[in-house]
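Scroll down for the structure; my scribbles are underneath it.
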Amino acid sequence: MEKIKISSPAKINIGLWITGKRPDGYHDIFTLYHTVDLNDYIYIEPYHKLSVSSTSPKVPENEENIVYKALKKFEEWTGIETNYKILIEKNIPVGAGLGGGSSNAAAVLKKINELEGSPLSEEELMKLASTLGADVPFFIKGGFAKAEGIGDKLTFFENRFKEELFIIYPNIEVSTKEIYSMVTENILTKKEEIPIIDSLLKDLEAILDNIENTLGELAQERYPVVKEVMNTLKYLGYRPNVSGSGSSVYVFGSPNEEIERICKVKNWKLIKTTLK
Numbered sequence: 000m001e002k003i004k005i006s007s008p009a010k011i012n013i014g015l016w017i018t019g020k021r022p023d024g025y026h027d028i029f030t031l032y033h034t035v036d037l038n039d040y041i042y043i044e045p046y047h048k049l050s051v052s053s054t055s056p057k058v059p060e061n062e063e064n065i066v067y068k069a070l071k072k073f074e075e076w077t078g079i080e081t082n083y084k085i086l087i088e089k090n091i092p093v094g095a096g097l098g099g100g101s102s103n104a105a106a107v108l109k110k111i112n113e114l115e116g117s118p119l120s121e122e123e124l125m126k127l128a129s130t131l132g133a134d135v136p137f138f139i140k141g142g143f144a145k146a147e148g149i150g151d152k153l154t155f156f157e158n159r160f161k162e163e164l165f166i167i168y169p170n171i172e173v174s175t176k177e178i179y180s181m182v183t184e185n186i187l188t189k190k191e192e193i194p195i196i197d198s199l200l201k202d203l204e205a206i207l208d209n210i211e212n213t214l215g216e217l218a219q220e221r222y223p224v225v226k227e228v229m230n231t232l233k234y235l236g237y238r239p240n241v242s243g244s245g246s247s248v249y250v251f252g253s254p255n256e257e258i259e260r261i262c263k264v265k266n267w268k269l270i271k272t273t274l275k
């Protein structure tokens, strides 16, 4: 086998509500996930042991990397040794609420499973993925989905949106764990109060009219620069949303020259892309 290259897409959360806190410390959520045409690229080749590294100094290597953990789980579940050298070329910002690490884990799991003769079904891959983190099961399929539970109860939709959007990453990493630690009883939402119903899900404008992001609100409290990005975009007439727990903020449509100028001055990363 020669070296192969696979892609690993980002996601955005279109709305995110916290519906409860569980005895195990995790939180129940309701969110809509959609993959975005912003990709890391991952190179895989045979090796004498498992090795995971990245082009970004912000990404941990080997045992500390979620891809390494995913493949060790794969070994436990299948009894197959994963002796591969894996290099992650990072394009998705780190600590941005765009699911980069989770996507990397899912992409590599799927590919290694295929290379090893598909010992795990898609359903089994999803179960394995759910032991790694809340976003990982979604990336096994990707596209457009509704997520409940800790993100592991997924309903995938046939339709995918293709809209243009831009993402602003204010060059700060947000700790999802820290944001969740700020959750209090009074900001929980009863499931029946969430205004997203299946009849809305073919109309992106209708969805956007009905969303909020509880984690995004907390991220703005904790990290003033996230609030600054949101307020800047609102002032310029846009309708911004935080993705996940931040730090990235996205807007459907194209950025104007003023936004491009502000991003340069503030050293915020501006990414133009589309849903996919």
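Residue numbering for the sequence shown is 0 to 275, as defined by numbering that gives the first Met the number 0. For every residue, glycine included, the Cβ atom is placed at its ideal position computed from N, Cα and C.
C-beta atoms of residue i and residue j nearer than 8 Å
i, j, result
"Leu31", "Ala9", "no"
"Ser247", "Leu97", "yes"
"Asn209", "Pro194", "yes"
"Phe143", "Phe165", "no"
"Asp39", "Gly148", "no"
"Asn266", "Asn170", "yes"
"Val135", "Ile41", "no"
"Pro254", "Tyr168", "no"
"Tyr67", "Ile111", "no"
"Gly132", "Ile65", "yes"
"Gly141", "Thr34", "yes"
"Val264", "Gly245", "no"
"Gly19", "Leu187", "yes"
"Val51", "Lys89", "no"
Residue i versus the options, residue with shortest Cα-Cα distance
i, options, result
"Phe155", "Lys145, Glu163, Gly132, Leu164", "Lys145"
"Gly78", "Val58, Val93, Gly94, Ser117", "Ser117"
"Asp151", "Tyr179, Ala128, Arg260", "Ala128"
"Asn12", "Tyr25, Phe160, Glu184, Gly243", "Gly243"
"Ala69", "Gly24, Trp16, Leu124, Ile41", "Leu124"
"Ala95", "Gly14, Val66, Leu49, Glu172", "Glu172"
"Thr231", "Ile206, Pro59, Leu207, Arg260", "Arg260"
"Lys72", "Pro59, Ala104, Pro92, Val93", "Ala104"
"Ser198", "Ile206, Glu191, Ser6", "Ile206"
"Arg221", "Glu177, Lys89, Asn61", "Glu177"
"Val347", "Ile5, Ile3, Leu15, Lys2", "This structure cannot settle anything about residue 347, because the visible part of the chain is limited to 0 through 275."
"Glu80", "His47, Met229, Asp202", "His47"
"Gly215", "Thr175, Ser55, Leu200", "Thr175"
"Lys109", "Ile43, Leu153, Ser55, Glu60", "Ile43"
"Thr130", "Glu204, Glu113, Glu75, Glu115", "Glu75"
"Thr183", "Leu217, Lys201, Asp202, Ile196", "Leu217"
"Glu204", "Glu122, Ser6, Gly252", "Gly252"
Terminal residues of the beta strand (DSSP E) in which residue i lies
i, result
"Ile43", "26-45"
"Ser6", "3-20"
"Lys84", "83-88"
"Phe165", "163-168"
"Thr77", "Element bounds for Thr77: not the beta strand (DSSP E) but the alpha helix (DSSP H), 65-77."
"Leu153", "152-155"
"Val51", "50-53"
Test: residue i CB closer than 8 Å to a CB of chain B
i, result
"Tyr32", "Protein chain content of the structure displayed is limited to a single chain, and chain B is not contained in it."
Residue range of the alpha helix (DSSP H) that includes residue i
i, result
"Thr279", "One cannot answer for residue 279 here, as it falls past the ends of the chain, which runs 0 to 275."
"Leu207", "203-207"
Rounded Cβ spacing between residue i and residue j (contact assumed at less than 8 Å)
i, j, result
"Leu274", "Glu162", "5 Å"
"Leu235", "Ile258", "6 Å"
"Thr272", "Ile17", "The Cβ separation is near 27 Å, so there is no contact."
"Ile87", "Ser53", "4 Å"
"Ser102", "Phe138", "5 Å"
"Phe29", "Lys190", "7 Å"
"Val250", "Tyr237", "5 Å"
"Met0", "Pro45", "6 Å"
Whole beta strand (DSSP E) runs in the region 221-274 with 3 or more residues, listed along the chain? 248-251, 268-273
What are the uninterrupted segments assigned as alpha helix (DSSP H) that are 4 or more residues long and contained completely in the region 101-143, given in chain order? 121-129, 135-140
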